[in-house]
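Here the protein sequences line up with chains A and B, keeping their order.
Counting from 1, position 94 in the first sequence corresponds to residue 94 in our numbering; the numbering is continuous, with no gaps.
Counting from 1, position 394 in the second sequence corresponds to residue 555 in our numbering; the numbering is continuous, with no gaps.
The beta carbon of each residue, even a glycine, is placed where N, CA and C say it ideally should be.
The structure under discussion appears below in the form of structure tokens.
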Amino acid sequence: MSSVKIELRQDQVDKIHSICDSFGNQEGELINVLHKCQSTFGYLPAEVQEVISEKMEMPAAKVYGVVTFYSFFTMIPKGKHPISICTGTACYVRGAETVLNEFKKQLEIEVGETCEDGIFSLSCLRCVGACGLAPVVQVGDKTYGRVAPDDVKGIIEAYTG
Amino acid sequence: MSKYSKNINKKQIRIALRNCGIIDPEIIEEYIARDGYHALGEVLTRQTPEETIELMKASGLRGRGGAGFPAGLKWDFARKNEADQKYVVCNADEGDPGAFMDRSILEGDPHSVLEAMAIVGRCIGSDMGYIYIRAEYPLAIARLKIAIEQAREYGLLGKDILGSGFNFDIDLKYGAGAFVCGEETALIHSMEGERGEPTLKPPFPAESGYMGKPTNVNNVETLANVPVIILKGAEWFSSIGTESSKGTKVFALAGKINNVGLIEVPMGTTLREVIFEIGGGIKDGKKFKAAQTGGPSGGCLTEKHLDTPIDYENLVANGSMMGSGGMIVMDEDDCMVSIARFYLDFTVEESCGKCAPCRIGNKRLHELLQRICEGKGEESDLVRLRNLGEVIKDTSLCGLGQSSPNPVLSTMDNFPEEYLSHVVDKKCTSGVCTDLLEYFIVEENCIGCTACARACPVGCISGERKEPHLINPDTCIKCGACMEKCKFDAVILK
Ligand SMILES: Cc1cc2nc3c(=O)[nH]c(=O)nc-3n(C[C@H](O)[C@H](O)[C@H](O)COP(=O)(O)O)c2cc1C
Ligand code: SF4
Ligand code: SF4
Ligand code: SF4
Ligand code: FES
Chain A
1 MSSVKIELRQ DQVDKIHSIC DSFGNQEGEL INVLHKCQST FGYLPAEVQE
51 VISEKMEMPA AKVYGVVTFY SFFTMIPKGK HPISICTGTA CYVRGAETVL
101 NEFKKQLEIE VGETCEDGIF SLSCLRCVGA CGLAPVVQVG DKTYGRVAPD
151 DVKGIIEAYT G
Chain B
162 MSKYSKNINK KQIRIALRNC GIIDPEIIEE YIARDGYHAL GEVLTRQTPE
212 ETIELMKASG LRGRGGAGFP AGLKWDFARK NEADQKYVVC NADEGDPGAF
262 MDRSILEGDP HSVLEAMAIV GRCIGSDMGY IYIRAEYPLA IARLKIAIEQ
312 AREYGLLGKD ILGSGFNFDI DLKYGAGAFV CGEETALIHS MEGERGEPTL
362 KPPFPAESGY MGKPTNVNNV ETLANVPVII LKGAEWFSSI GTESSKGTKV
412 FALAGKINNV GLIEVPMGTT LREVIFEIGG GIKDGKKFKA AQTGGPSGGC
462 LTEKHLDTPI DYENLVANGS MMGSGGMIVM DEDDCMVSIA RFYLDFTVEE
512 SCGKCAPCRI GNKRLHELLQ RICEGKGEES DLVRLRNLGE VIKDTSLCGL
562 GQSSPNPVLS TMDNFPEEYL SHVVDKKCTS GVCTDLLEYF IVEENCIGCT
612 ACARACPVGC ISGERKEPHL INPDTCIKCG ACMEKCKFDA VILK
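This is how it looks when you write it as structure tokens:
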């Protein structure tokens, strides 16, 4: 679980409750509830999961089990500029791994982590459907194609410079 | 695909992609103008469900999601299972890394899928359909929502469709990034809000699926073919393709090839036609080495398969499979051992962990490959790879584990010498496995400045001042200090 304890404000708790209500508090809608909560809060910390579990009357372990099963759900807040490297096959054969290693080196974080200053986070995607531009890197909504390890520095600087 | 020349276009037939890039997917009238929803009208007013199912059977349409099960037969099973409620599910989870056919259809022609789902609903006796789509496809989701809304306004979804008394509606369910959820039983558990873990079949979804009710699961591309088949007839469709595989298949062509992108070719087209005619050959004039089909469940085809007609049976016979249609082309610079490791890496990450052969076995397979890529492999590891691979295939619970060793076994079969050179000579001939590369001084570039020799911590560089230097590979510890010091690009890895 995430190491930082957070304190949810009452309005945030209310927001979670209203999301659960909008799906009729039905167990079968758990994944939809989680999608909605993640798009509201940016991530799904343990505290949010606990509120969901109480409201929907299911064990917290079940909520946690579902959150951790699916890679789309994250318990760590994403950086201000989330960096995603496509590691689909087309990108892999065109050198995505060396690009990924360069990002790790420059940002000093591993995949799935966020920089201490919260500016960047690093994750991998499997094919964003731009195989023609492989290897592909996305920063937020912006897509960079044919990225070489030497380009990494410039990409990072574009957001910090 | 205007960038293809006319000659190349002749090899392609667009059935599933017939409207993609041609109509505005957000305007239902444009779909209708191209015979959209006419097939649904035909089915509702002029055919009995049995007749429609017979037509589908006669057409020979097989599932495009991977397994290639005959669509008409599947519908027939779901129809014959009596229940108060049945469901139609469209599998739009598209998890194969490096494939995006389904997404293109949903984004470019969402109504074709909606229309087909309603037709399936009519055939099996269901009034509710769900599209299980990955949350990572926001544009496809937006287009589907618009399309569903418009179809409802036109009375093409909802109650009493076209005055026939038939009710059918469609809703979306979202995936959340788990490859195994493409497997139909896992998909159904995920739809129910659970962890997407597969269960044993039988019972098949056609008997007990979503909410325990008979459920018919079809892939996006399978569905996109349905309306055309109904309008043009089974005979027309079955005239395209090979004896056992009818119609066309969409491939996402990618990798070291000149024309990347989606192509749709008749079943039975050869690999040579796909790669050298449609794909424009290998990039930078390099040599073709292999084409990987079937993603993490598939295998690779090589030079000797270039003239084999591509269909379900031939691919399986050659150690690969159709899969969803990703086709990754590789050239002489690609290392087959590391490609196998890449797929195993994916499988290990995506295994749901429910059964031991897949959870533990694939991890061990991956470790073996990792060792080989690092130059720590032994010849006996090759025997271990094969034995373990066979066991995993035989004993895993679902299709993921049952097919996960394929990329390893197939590359071992086709490129035994490459595996051998990794474990015996500790060499990676394509220069991909960096741990197997050696530092080397290019004589022509070296001016003999001695900078490298002074930097080398183990003193393995010899040579007189102003003479070319030499690295002794037996004692070199590959620290890279020499390369960093050399100002003349004389030190290289090879
Ligand atoms: C591990 C695994 C992943 C799968 N992923 C997909 C997928 O992404 N899309 C898909 O349509 N079928 C996928 N399938 C196949 C489905 O289980 C199922 O056979 C298919 O959706 C049936 O539709 P069809 O008969 O129209 O092909 C997958 C199967 C396995 C074992
Ligand atoms: S084979 Fe793998 S993915 Fe399938 S049930 Fe077993 S562990 Fe899960
Ligand atoms: S540093 Fe470069 S140029 Fe100088 S001796 Fe070594 S290899 Fe030759
Ligand atoms: S890599 Fe290190 S050990 Fe090897 S020759 Fe260069 S400096 Fe010496
Ligand atoms: S594999 Fe990277 S965009 Fe397709």
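**Request:** Determine the contact status of threonine 89 (chain A) and alanine 451 (chain B), defining contact as a CB-CB distance below 9 Å.
**Result:** The sequence position of residue 89 (chain A) within the first sequence is 89, counting from 1. The sequence position of residue 451 (chain B) within the second sequence is 290, counting from 1. No, the Cβ-Cβ distance between threonine 89 (chain A) and alanine 451 (chain B) is not below 9 Å.
**Asked** Counting along the chain, where does the alpha helix (DSSP H) carrying isoleucine 266 (chain B) start and finish?
**Response** Reading the second sequence from its first residue, position 105 is the one you call residue 266 (chain B). Its alpha helix (DSSP H) spans residues 262-269.
**Message:** Rounded to whole angstroms, what is the Cα-Cα separation between histidine 199 (chain B) and glutamine 311 (chain B)?
**Reply:** The sequence position of residue 199 (chain B) within the second sequence is 38, counting from 1. The sequence position of residue 311 (chain B) within the second sequence is 150, counting from 1. When rounded, the distance between both Cα atoms is 16 Å.
**Any non-hydrogen atom of ligand 4 closer than 8 Å to alanine 637 (chain B) Cβ** = By one-based count along the second sequence, residue 637 (chain B) stands at place 476. In the sequence on display, residue 637 (chain B) carries cysteine and not alanine. Answer for cysteine 637 (chain B): yes, Cβ within range of ligand 4.
**Per DSSP, cross-strand counterpart(s) of asparagine 377 (chain B)** = Numbered from 1 along the second sequence, position 216 holds the residue referred to as residue 377 (chain B). Its beta-bridge partners are B:Val249.
**3 or more residues per run - each beta strand (DSSP E) lying fully within the region 291-362 of chain B** = Counting only runs that start and end inside the region 291-362 of chain B, the beta strand (DSSP E) elements of at least 3 residues fall at 330-336.
**Prompt:** Cβ atoms of glycine 429 (chain B) and glycine 460 (chain B): under 9 Å apart, would you say?
**Reply:** For the purposes of this step, residue 460 (chain B) is taken as the residue at position 299 of the second sequence. For the purposes of this step, residue 429 (chain B) is taken as the residue at position 268 of the second sequence. Cβ atoms of glycine 460 (chain B) and glycine 429 (chain B): not closer than 9 Å.
**Short CB-CB distance (under 9 Å) between alanine 60 (chain A) and chain B** = What you label residue 60 (chain A) is simply residue 60 of the first sequence in a count that begins at 1. No, alanine 60 (chain A) does not count as interfacial toward chain B.
**Request:** Would you kindly work out how many angstroms separate the C-alpha atoms of isoleucine 31 (chain A) and glycine 24 (chain A), rounded to a whole number?
**Result:** Sequence index remark: in the first sequence, residue 31 (chain A) carries index 31 (1-based). Sequence index remark: in the first sequence, residue 24 (chain A) carries index 24 (1-based). Spanning the two alpha carbons is a distance of roughly 13 Å.
**Prompt:** From the DSSP output, which residues share a beta bridge with aspartate 492 (chain B)?
**Reply:** Residue numbering aside, residue 492 (chain B) sits at position 331 when the second sequence is read from its first letter. Answer is B:Phe449, bridged to aspartate 492 (chain B).
**Request:** Determine the direct distance from the alpha carbon of glutamine 106 (chain A) to that of isoleucine 266 (chain B), and round the result to whole angstroms.
**Result:** Numbered from 1 along the second sequence, position 105 holds the residue referred to as residue 266 (chain B). Numbered from 1 along the first sequence, position 106 holds the residue referred to as residue 106 (chain A). Answer to the nearest angstrom: the Cα atoms are 38 Å apart.
**Message:** Tell me the DSSP secondary structure of glutamine 173 (chain B) in three-state form.
**Reply:** Along the second sequence, one-based indexing puts residue 173 (chain B) at 12. It is coil, neither helix nor strand.
**Request:** For isoleucine 401 (chain B), collect the residues of the same chain with a Cβ closer than 7 Å to its Cβ; drop the 5 residues on either side in sequence, then sort them by chain order.
**Result:** Here residue 401 (chain B) is taken as the residue at index 240 of the second sequence, counted from 1. Counting only Cβ-Cβ distances below 7 Å, and skipping sequence neighbours, we find Ile174, Lys407, Gly408, Thr409 and Pro427.
**Item:** Contacts that methionine 428 (chain B) makes with chain E (C-beta to C-beta distance below 7 Å)
**Value:** Here the protein chains are A and B, and chain E is not one of them.
**Item:** Selected residue, minimal CA-CA separation from threonine 572 (chain B), among B:Ile500, B:Gly224 and B:Asp555
**Value:** As a position in the second sequence, residue 572 (chain B) is number 411, starting the count at 1. For the residues B:Ile500, B:Gly224 and B:Asp555, the minimum Cα distance to threonine 572 (chain B) belongs to B:Ile500.
**Straight-line Cα distance separating arginine 126 (chain A) from glutamate 97 (chain A)** = Taking the first residue of the first sequence as position 1, residue 97 (chain A) is located at position 97. Taking the first residue of the first sequence as position 1, residue 126 (chain A) is located at position 126. So the two alpha carbons sit approximately 13 Å from each other.
**Asked** In whole angstroms, what separates the C-alpha of leucine 462 (chain B) from that of valine 93 (chain A)?
**Response** Locating residue 462 (chain B) in the second sequence gives position 301, counting from the first residue. Locating residue 93 (chain A) in the first sequence gives position 93, counting from the first residue. Roughly 16 Å between the two C-alpha positions.
**Item:** Pocket of ligand 3 (residues with CB nearer than 6 Å to any heavy atom), chain order
**Value:** B:Ile602, B:Cys607, B:Ile608, B:Gly609, B:Cys610, B:Thr611, B:Ala612, B:Cys613, B:His630, B:Lys646, B:Cys647, B:Phe649, B:Ala651 and B:Val652
**Item:** Reduced DSSP secondary structure (H/G/I, E/B, other) of valine 600 (chain B)
**Value:** Taking the first residue of the second sequence as 1, we reach residue 600 (chain B) at position 439. For clarity, residue 600 (chain B) is tyrosine in the given sequence; the question names valine instead. Look at tyrosine 600 (chain B) here: in three-state DSSP terms it is strand.
**Prompt:** What do you reckon, are the CB atoms on alanine 385 (chain B) and leucine 178 (chain B) nearer than 9 Å?
**Reply:** Looking up residue 385 (chain B) in the second sequence gives position 224. Looking up residue 178 (chain B) in the second sequence gives position 17. In this structure, leucine 178 (chain B) lies closer than 9 Å to alanine 385 (chain B) by Cβ.
**Request:** Using the Cα positions of cysteine 534 (chain B) and isoleucine 602 (chain B), report the straight-line distance between them to the nearest angstrom.
**Result:** Here residue 534 (chain B) refers to the residue found at position 373 of the second sequence. Here residue 602 (chain B) refers to the residue found at position 441 of the second sequence. Rounded to the nearest angstrom, the two C-alpha atoms are 24 Å apart.
**Asked** Expressed to the nearest angstrom, what Euclidean distance is found between the alpha-carbon atoms of cysteine 284 (chain B) and alanine 232 (chain B)?
**Response** Mapped onto the second sequence, residue 284 (chain B) falls at position 123. Mapped onto the second sequence, residue 232 (chain B) falls at position 71. The straight-line gap from Cα to Cα measures roughly 12 Å.
**Prompt:** Considering only C-alpha positions, which residue in the set B:Asn606, B:Asp254, B:Lys247 and B:Gly487 is nearest to isoleucine 302 (chain B)?
**Reply:** Taking the second sequence and counting its residues from 1, one reaches residue 302 (chain B) at position 141. Looking at the Cα atoms, B:Asp254 is the closest of the given residues.
**Asked** Does DSSP put isoleucine 6 (chain A) in a helix, in a strand, or in coil?
**Response** Against the first sequence, residue 6 (chain A) aligns to sequence position 6. If DSSP states are grouped into helix, strand and coil, isoleucine 6 (chain A) belongs with coil.
**Asked** In or out: lysine 142 (chain A) buried (at least 16 other Cβ within 10 Å) or exposed?
**Response** Sequence index remark: in the first sequence, residue 142 (chain A) carries index 142 (1-based). It counts as exposed.
**Asked** Any C-beta of chain B sitting closer than 9 Å to the C-beta of tyrosine 144 (chain A)?
**Response** Along the first sequence, read from residue 1 onward, the residue named residue 144 (chain A) stands at position 144. For tyrosine 144 (chain A), the answer is no, since every Cβ of chain B falls outside 9 Å of its Cβ.
**Asked** Going by DSSP, which residues form a beta bridge with serine 121 (chain A)?
**Response** In the first sequence, the residue the question calls residue 121 (chain A) occupies position 121. In DSSP, serine 121 (chain A) forms a bridge with A:Pro82 and A:Thr114.
**Sequence ranges, alpha helix (DSSP H) only - wholly within the region 378-462 of chain B, length at least 4** = 381-393 and 395-399
**Request:** Check whether the Cβ atoms of tyrosine 580 (chain B) and methionine 497 (chain B) lie closer than 9 Å to each other.
**Result:** Translated into positions along the second sequence, residue 580 (chain B) becomes position 419. Translated into positions along the second sequence, residue 497 (chain B) becomes position 336. Yes, the pair counts as a contact, with Cβ atoms nearer than the cut-off.
**Message:** Can you list, in chain order, the residues of its chain with a C-beta nearer than 6 Å to that of aspartate 288 (chain B)? Leave out the 5 residues immediately preceding and following it.
**Reply:** Numbered from 1 along the second sequence, position 127 holds the residue referred to as residue 288 (chain B). Cβ neighbours of aspartate 288 (chain B) beyond the five flanking positions: Asn328 and Phe329.
**Request:** Could you tell me whether the region 213-229 of chain B touches the region 178-195 of chain B, where touching means 3 or more Cβ pairs closer than 8 Å?
**Result:** no
**Asked** In angstroms, rounded to a whole number, what distance separates the CA positions of valine 509 (chain B) and leucine 205 (chain B)?
**Response** Mapped onto the second sequence, residue 509 (chain B) falls at position 348. Mapped onto the second sequence, residue 205 (chain B) falls at position 44. About 46 Å.
**Asked** In chain order, what residues of the same chain have a beta carbon less than 7 Å from the beta carbon of glycine 624 (chain B), not counting five sequence neighbours either side?
**Response** Along the second sequence, one-based indexing puts residue 624 (chain B) at 463. These residues qualify, in order along the chain: Gly609, Ala614, His630 and Leu631.
**Request:** Output the distance between the C-alpha atoms of aspartate 635 (chain B) and proline 577 (chain B), rounded to the nearest integer angstrom.
**Result:** Here residue 635 (chain B) refers to the residue found at position 474 of the second sequence. Here residue 577 (chain B) refers to the residue found at position 416 of the second sequence. The straight-line gap from Cα to Cα measures roughly 26 Å.
**Asked** Any heavy atom of ligand 5 closer than 8 Å to the Cβ of alanine 662 (chain B)?
**Response** Residue 662 (chain B) is absent from the structure shown; chain B starts at 162 and stops at 655.
**For methionine 644 (chain B), the residue or residues it bridges with in DSSP** = Within the second sequence, the letter at position 483 stands for residue 644 (chain B). None; methionine 644 (chain B) has no bridge partner.
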